[in-house]
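K.L.:
Sharing a structure below in structure tokens format, with a few things to ask.
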């Protein structure tokens with residue numbers, strides 16, 4: 099039997115990716131896609147790749163029907179203000195915003211500079227990274243009620259660092275992250291204006307990016323510094339993490355740690371070859387794919403470990419990961435609807 | 041008793057990669073001097089002994105990435 103799903107706030111980029119994935123999902127019936135500003139208009143008005151793929155029209159949020167699962171793709175703090183309403187409409191709510199990622203209200207206040215509108219919900223929300231919380235997304239036959247989305251930059255950092263954190267190898271980590279323009283969303287701004295954005299190598303968050311809080315929450319306390327740079331790319335994140343290790347390790351040790359963490363993961367691939375053009379992760383080949391490619395190397399002179407993770411920010415960093423979470427929560431085949439491997443060349 | 045001699049119809053033969061310890065698979069009994077590649081870390085390997093099966097890193101050819 100199909101899982102009946104709806105998307106609230108489906109006009110943005112993550113909403114468009116969810117539509118693309120769910121319209122072709124073998125276990126899903128798409129009940130509604132809401133957009134207040136586009137109500138009554140076809141999906142392809144803002145998602146031209148979906149032309150002739152569905153007769154569905156955007157609806158207003160008030161007309162979203164009761165569903166098995168509802169995806170929320172709303173601006174910051176909207177989901178947390180309306181969460182009770184959506185939990186009444188669906189057994190499982192997956193919120194792609196940052197509203198339910200941090201479990202501690204004080205941590206939320208420290209990073210977002212405001213009190214959380216629904217702090218009682220934070221502790222029970224499952225952080226939506228299957229590689230860490232798959233078992234909390236479905237308990238027996240019971241799906242989780244509320245699953246958060248994940249920060250795209252946080253996902254790249256978490257997946258790059260997770261095996262090293264589990265192995266107790268991180269004395270200190272510095273994450274240098276390159277990102278594409280779609281991270282800024284579908285709303286235009288002065289910074290996304292073509293003459294300003296094209297060709298940019300713009301250090302937009304040299305310190306203090308909020309996604310660092312998600313890494314500390316998920317991987318534990320260690321000194322972590324994060325710098326983020328916008329580069330000439332539409333989709334994609336590449337995290338290059340520099341790790342100063344607690345002890346000397348060799349490549350065999352890293353292979354062991356990364357295999358232990360990811361050998362059974364359907365969407366994490368180890369890319370750490372000694373030769374060839376594609377020997378380390380590159381987000382270019384992951385556009386549209388839910389894969390996270392993870393690689394590593396060691397500087398033999400200093401012992402510094404370099405860990406890399408490449409993802410498509412709209413997929414493994416947002417919509418793809420959310421569908422993977424839904425599949426787990428609803429008891430569907432975990433990779434269902436997520437088989438696209440990306441394009442090469444592209 | 042000596043170990044059975046692998047044949048082309050037996051199970052694939054594997055040996056750990058000396059670089060990453062991943063399983064390097066041979067569908068046919070390998071020959072001394074045969075070159076193989078580790079599918080995990082991508083290094084080129086040479087069969088230095090068949091009994092016991094032993095692999096060593098093959099000499100690398102330097103790459104020019106044009107940069």
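Protein chains in written order, with my numbering: chain A, 99 to 444; chain B, 41 to 107.
Glycine is no exception: its CB is placed at the ideal position from the N, C-alpha and C atoms.
Rounded to whole angstroms, what's the CA-CA distance from residue 391 of chain A to residue 409 of chain A? Just pull it up for me.
P.N.:
7 Å
K.L.:
Does the distance from the C-beta atom of residue 270 of chain A to that of residue 321 of chain A stay below 9 Å?
P.N.:
Contact check for residue 270 of chain A against residue 321 of chain A passes: the beta carbons are separated by less than 9 Å.
K.L.:
Can you tell me which of A/308, A/163 and A/386 puts its alpha carbon nearest to the alpha carbon of residue 209 of chain A?
P.N.:
A/308
K.L.:
Decide if residue 133 of chain A is buried, meaning its Cβ has at least 16 other Cβ atoms within 10 Å, or exposed.
P.N.:
buried
K.L.:
Can you name the residues of chain B whose CB is closer than 7 Å to the CB of residue 370 of chain A?
P.N.:
81
K.L.:
With a threshold of 8 Å, establish whether the CB of residue 64 of chain B neighbours any heavy atom of the ligand GTP.
P.N.:
You won't find the ligand GTP in this model; it holds no ligand whatsoever.
K.L.:
Our contact map puts residue 95 of chain B next to residue 85 of chain B with C-beta atoms below 8 Å; I'd like the distance itself, whole angstroms only.
P.N.:
5 Å
K.L.:
Starting from residue 63 of chain B and walking both ways along the beta strand (DSSP E), at which residues does that stretch end?
P.N.:
63 to 66
K.L.:
Residues of chain A with CB under 8 Å from residue 61 of chain B, in chain order?
P.N.:
350, 353 and 354
K.L.:
When the cut-off is 9 Å and only beta carbons count, does residue 429 of chain A lie next to chain B?
P.N.:
Residue 429 of chain A is outside the set of residues whose beta carbon lies under 9 Å from a beta carbon in chain B.
K.L.:
So what does DSSP say about residue 211 of chain A, is it helix, strand or coil?
P.N.:
coil
K.L.:
Using 8 Å for Cβ pairs, my map puts residue 232 of chain A next to residue 198 of chain A. What's the rounded Cβ distance?
P.N.:
Their Cβ separation, rounded to whole angstroms, is 18 Å, which puts residue 232 of chain A and residue 198 of chain A out of contact at 8 Å.
K.L.:
Counting only beta-carbon atoms, is residue 84 of chain B nearer than 9 Å to chain A?
P.N.:
yes
K.L.:
Kindly list, in the order they appear in chain B, the residues whose Cβ is closer than 8 Å to that of residue 325 of chain A.
P.N.:
By Cβ distance, chain B contributes nothing, its closest Cβ being about 23 Å from residue 325 of chain A, past 8 Å.
K.L.:
Against residue 393 of chain A, what residues of chain B qualify as contacts under a CB-to-CB distance less than 7 Å, listed in chain order?
P.N.:
What residue 393 of chain A touches in chain B: nothing, since even the nearest Cβ is about 10 Å away.
K.L.:
Tell me, please, whether the region 324 to 335 of chain A touches the region 347 to 355 of chain A by the rule of three or more beta-carbon pairs shorter than 8 Å.
P.N.:
Contact between the region 324 to 335 of chain A and the region 347 to 355 of chain A is absent: fewer than 3 CB-CB pairs across the two stretches fall below 8 Å.
K.L.:
When the Cα atoms are used, what is the spatial distance from residue 291 of chain A to residue 158 of chain A?
P.N.:
29 Å
K.L.:
Using 9 Å as the limit for Cβ to Cβ distance, is residue 297 of chain A near chain B?
P.N.:
no
K.L.:
Taking the Cβ atom as the reference point for each residue, do residue 104 of chain A and residue 175 of chain A lie within a distance shorter than 9 Å?
P.N.:
Not in contact: residue 104 of chain A and residue 175 of chain A (Cβ atoms no closer than 9 Å).
K.L.:
Which term fits residue 224 of chain A, buried or exposed, when burial requires 16 or more other beta carbons within 10 angstroms of its beta carbon?
P.N.:
The residue in question, residue 224 of chain A, is buried, as its Cβ has 16 or more Cβ neighbours within 10 Å.
K.L.:
Output needed in chain order: residues of the region 371 to 387 of chain A with a Cβ under 8 Å from some Cβ in chain B.
P.N.:
From the region 371 to 387 of chain A, only 371, 372, 373, 374, 375 and 377 have a Cβ closer than 8 Å to chain B.
K.L.:
Under three-state DSSP, which class holds residue 327 of chain A?
P.N.:
strand
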